[in-house]
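So the structure is just underneath, and the comments pick up after that.
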Ligand code: SF4
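Residue numbers (my numbering): 2 to 201.
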């Protein structure tokens, strides 16, 4: 019989490959939505709606952390003060989201917890793994630590094929600004390379 696992999911596209691989491993995933980091509110709703639509087609239950939207205030107090200190900020953000997911897992009788953050090459993996283990263990849960990053291109391909909405930043306003700055830097580098070729 498949073993239940609660999967903290950051969005629909990042859930595709973890869910498929967990099922291959003999788990039956249920998804936990615990993402008060996502800004603005319209983006929060869009990602949740995308996840719910896809999960319904897969027959996967999605459990929302109670008052997750209202927890945005908690995120502002616990995470936002770290500003553009990415490691400190993401550490606090993972801790907030995984703690709520772990509480939900414990309250609903799950024994095992994991997170789709482990599929994204843009996350801080060591930090995320460390927190997953610490937070799950503190609640008597098993932490399922996986590195699904090699499956990220396939997740992207499948999301495109399914027509799922794919965001271009992690979730908070800081990550939106960082992603925008990276796109501008990449564009400027391409322009500089073209100019150098033209002059050669
Ligand atoms: S970049 Fe992502 S993980 Fe880090 S603080 Fe922002 S929303 Fe949270």
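The beta-carbon is built from N, C-alpha and C at its ideal position, and this holds for glycine as well.
Residue 39 has its Cβ nearer than 8 Å to a heavy atom of the ligand SF4. It is roughly 26 Å from the alpha-carbon of residue 95 to the alpha-carbon of residue 159. Here the distance from the Cβ of residue 15 to the nearest heavy atom of the ligand SF4 is not below 8 Å. A distance criterion of 8 Å places the beta-carbon of residue 124 in contact range of the ligand SF4, judged by its closest non-hydrogen atom.
Rounded to whole angstroms, the gap between the alpha carbons of residue 47 and residue 57 is 15 Å.
Taking all protein chains shown into account, residue 9 has 16 or more neighbouring C-beta atoms within 10 Å of its C-beta and is therefore buried. Remark: the shortest separation between the CB of residue 200 and any heavy atom of the ligand SF4 does not fall under 8 Å.
Between residue 65 and residue 185, the alpha-carbon positions lie close to 36 Å from each other.
Residue 6 has 30 as its beta-bridge partners, per DSSP. Residue range 17 to 25 is occupied by the alpha helix (DSSP H) that includes residue 18. Annotation for residue 172 indicates a beta carbon within 8 Å of some heavy atom of the ligand SF4. The Cβ atoms of residue 173 and residue 39 lie closer than 9 Å to each other. In this structure, residue 97 keeps its C-beta atom at 9 Å or more from the C-beta atom of residue 142. Residue 18 places its beta carbon less than 9 Å from that of residue 149. Beyond the five residues adjoining it in sequence on each side, residue 103 comes within less than 8 Å, by CB distance, of 114, 136, 137, 139, 140, 142 in the same chain, given in chain order. At a cut-off of 8 Å, the beta-carbon of residue 175 counts as near the ligand SF4: some heavy atom of the ligand is closer than that. Runs of the alpha helix (DSSP H) lying entirely within the segment 77 to 134, each at least 4 residues long, are 87 to 108 in chain order.
About 13 Å separates the CB atoms of residue 20 and residue 5; that is not less than 8 Å, and the two are not in contact.
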